[in-house]
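K.L.:
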């Protein structure tokens, strides 16, 4: 008989579990990629990066450029504006960037929810209307419930009558 110590047995068990976990993780990852969610997430991430650069350029180059031309900052960069060492020009640029991104995302959400509500209204209109002449069939559970309510009412009324008789 071959003697095996506890360490070797535990090592074999953990190796088998690692391989099983690795296979399970591999299957889950391939299923995730097959669903296409990963690709949609990647496209959304890359689009978000490009959108951020676009809005940053709009805020820093166009809007802040217009502000600097209004206040006659000809040779000065608006990001270098400072008041006692506090650089408020860069803060203004980031604030405008934030406001623009928030506003655009809000508009996108309003459009998405408008389209969703339009689609649900359209689907509800396509459903055939319920005919008013057809009565709803009562299930056995509803019949039992009705009978139990009647029995309960009768019991309550008889108890009240008995209580009145006992008082007299």
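In the working numbering, the protein residues as written are 150 to 317.
Using N, Cα and C, we set each Cβ at its ideal position, and we do this for glycine too.
Since we're looking at a predicted model, the values are computed, not measured.
For the putative contact between residue 212 and residue 243, defined by C-beta atoms under 8 Å, what is the C-beta separation to the nearest angstrom?
P.N.:
Separation of the CB atoms of residue 212 and residue 243 is rounded to 12 Å, and the pair is thereby denied contact status at 8 Å.
K.L.:
With 16 other CB atoms within 10 Å as the buried threshold, where does residue 297 fall?
P.N.:
exposed
K.L.:
Per the DSSP calculation, residue 235 is bridged to which residue(s)?
P.N.:
232
K.L.:
Taking the beta carbon of residue 305 as the centre, do at least 16 other beta carbons fall within 10 Å, making it buried, or is it exposed?
P.N.:
exposed
K.L.:
Give the secondary structure of residue 268 by DSSP, where H, G and I count as helix, E and B as strand, and everything else as coil.
P.N.:
helix
K.L.:
Just the Cα atoms here: how many angstroms apart are residue 265 and residue 215?
P.N.:
38 Å
K.L.:
The alpha helix (DSSP H) that contains residue 312, what's its start and end?
P.N.:
Going by DSSP, residue 312 is part of the alpha helix (DSSP H) stretching over 289-316.
K.L.:
Can you tell me where the alpha helix (DSSP H) with residue 219 in it begins and where it stops?
P.N.:
213-219
K.L.:
Any idea what DSSP makes of residue 201, helix, strand or coil?
P.N.:
helix
K.L.:
Counting pairs of beta carbons, one from the segment 248-255 and one from the segment 204-211, are three or more of them closer than 8 Å?
P.N.:
yes
K.L.:
Using a 10 Å radius around the Cβ and a threshold of 16 neighbouring Cβ atoms, would you call residue 208 buried or exposed?
P.N.:
buried
K.L.:
Given this structure, state the Cα-to-Cα distance separating residue 316 from residue 301, to the nearest angstrom.
P.N.:
23 Å
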